[in-house]
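Peer 1:
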Amino acid sequence: DAGVTQSPTHLIKTRGQQVTLRCSPKSGHDTVSWYQQALGQGPQFIFQYYEEEERQRGNFPDRFSGHQFPNYSSELNVNALLLGDSALYLCASSAKGKQGGTSDTQYFGPGTRLTVL
Amino acid sequence: ILNVEQSPQSLHVQEGDSTNFTCSFPSSNFYALHWYRWETAKSPEALFVMTLNGDEKKKGRISATLNTKEGYSYLYIKGSQPEDSATYLCAPRSNDYKLSFGAGTTVTVRA
Chain A
29 DAGVTQSPTH
39 LIKTRGQQVT
49 LRCSPKSGHD
59 TVSWYQQALG
69 QGPQFIFQYY
79 EEEERQRGNF
89 PDRFSGHQFP
99 NYSSELNVNA
109 LLLGDSALYL
119 CASSAKGKQG
129 GTSDTQYFGP
139 GTRLTVL
Chain B
112 ILNVEQSPQS
122 LHVQEGDSTN
132 FTCSFPSSNF
142 YALHWYRWET
152 AKSPEALFVM
162 TLNGDEKKKG
172 RISATLNTKE
182 GYSYLYIKGS
192 QPEDSATYLC
202 APRSNDYKLS
212 FGAGTTVTVR
222 A
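Protein sequence lines, in the order shown, are assigned to chains A and B. Using my numbering, the first residue of the first sequence is number 29, and each one after it goes up by one. Using my numbering, the first residue of the second sequence is number 112, and each one after it goes up by one.
Written as structure tokens, this is what we have:
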């Protein structure tokens, strides 16, 4: 049973460029969440996708956008990259898409390390 | 997004010793608390999800308690082993789907 996978593993971009990160959820999961982890901090919630729609969003600017496909995989797009966007980007999937789930454990991928120069 | 504090930031433990550390979070609008273990070069691994005040969960030598009224959780490691070396993250969840992670407690077990 494949877990959560992310691609690419590492990425180097320059300021002003755009980047797309990809995530495939664990088999049987329908919900995907994205997190940003800067050095020395815990993961910060970016947004969550369910049924191909953004369901919740954290305190991130509109430069951060996403998409979920019919097969539940997801992309995170960041436009106009800033130096401060350098971080580890984690994707997590969970099984309970409906509200009210009490044990919606999120399973994490290994992350994509983004470096903005 | 909730304000979550974990202490200490790091600790060193001798193999065989037991240890514990704390996660503090706002007690209002509490829904659930997640604990994760994150080993270097691996994905964060779910340890526990706790929802009720007074909950205690155990997985091998690792256990956790929850106090939702005062907003804290303890994680205990009994008889620490080198494989317990990792960063332990707590993440409370309020009445939405957002997990708010603390910065973690990094445990290093010395042989």
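Positions of the beta carbon are idealized from the N, C-alpha and C atoms, including for glycine. Bear in mind the structure is a predicted one, so any value in this text is a computation, not a measurement.
Please list, in chain order, the chain B residues whose beta carbon lies closer than 7 Å to that of F136 (chain A).
Peer 2: Within 7 Å Cβ-Cβ: S154, P155.
Peer 1: If you measure beta-carbon to beta-carbon, which residues of the segment 66-99 of chain A are closer than 8 Å to chain B?
Peer 2: So the list reads G68, Q69, G70, P71, Q72, F73, Q76, R83, Q84, G86, N87, given in the order they occur along the chain.
Peer 1: Taking a Cβ distance cut-off of 9 Å, strictly less, list which residues of the segment 203-221 of chain B are near chain A, in chain order.
Peer 2: Listed by position, the residues of the segment 203-221 of chain B near chain A (Cβ gap below 9 Å) are R204, D207, Y208, K209, L210, S211, F212, G213, A214, G215.
Peer 1: Could you give the distance in angstroms between the alpha-carbon of S211 (chain B) and the alpha-carbon of S205 (chain B)?
Peer 2: The alpha-carbon atoms of S211 (chain B) and S205 (chain B) are separated by roughly 9 Å.
Peer 1: S61 (chain A) and Q134 (chain A) look like a contact to me (Cβ under 8 Å); what is the Cβ gap, rounded to whole Å?
Peer 2: With a Cβ gap of about 6 Å, S61 (chain A) and Q134 (chain A) count as contacting.
Peer 1: Quick test of your reading: S122 (chain A) and T33 (chain A), contact by CB under 8 Å. State the CB separation rounded to the nearest angstrom.
Peer 2: Wrong, their Cβ atoms sit about 15 Å apart, outside the cutoff.
Peer 1: Classify T130 (chain A): buried if its beta carbon has 16 or more other beta carbons within 10 angstroms, exposed otherwise.
Peer 2: Because T130 (chain A) sits at a pLDDT of 47, beneath the cut-off of 50, its placement in the model cannot be relied upon, and the point is left open.
Peer 1: Sort A:G44, A:T37, A:I74, A:P53 by Cα distance to F97 (chain A) and report the nearest one.
Peer 2: With distances taken between Cα atoms, F97 (chain A) lies closest to A:P53.
Peer 1: Residues of the segment 188-200 of chain B with a CB closer than 7 Å to any CB of chain A: list them in chain order, please.
Peer 2: Answer set for the segment 188-200 of chain B: L200.
Peer 1: Report buried or exposed for D90 (chain A), applying the criterion of at least 16 other Cβ atoms within 10 angstroms of its Cβ.
Peer 2: With fewer than 16 Cβ atoms within 10 Å of its Cβ, D90 (chain A) is classed as exposed.
Peer 1: Starting from N140 (chain B), follow the beta strand (DSSP E) in both directions and report where the run begins and ends.
Peer 2: Taken as a continuous stretch (DSSP letters only), N140 (chain B) belongs to no beta strand (DSSP E), as it is neither H nor E.
Peer 1: Do F159 (chain B) and P203 (chain B) have their C-beta atoms within less than 8 Å of each other?
Peer 2: Cβ atoms of F159 (chain B) and P203 (chain B): not closer than 8 Å.
Peer 1: Give the single residue among A:L104, A:P138, A:L118 whose Cα lies nearest to the Cα of S93 (chain A).
Peer 2: Of the listed residues, the one whose Cα sits closest to S93 (chain A) is A:L104.
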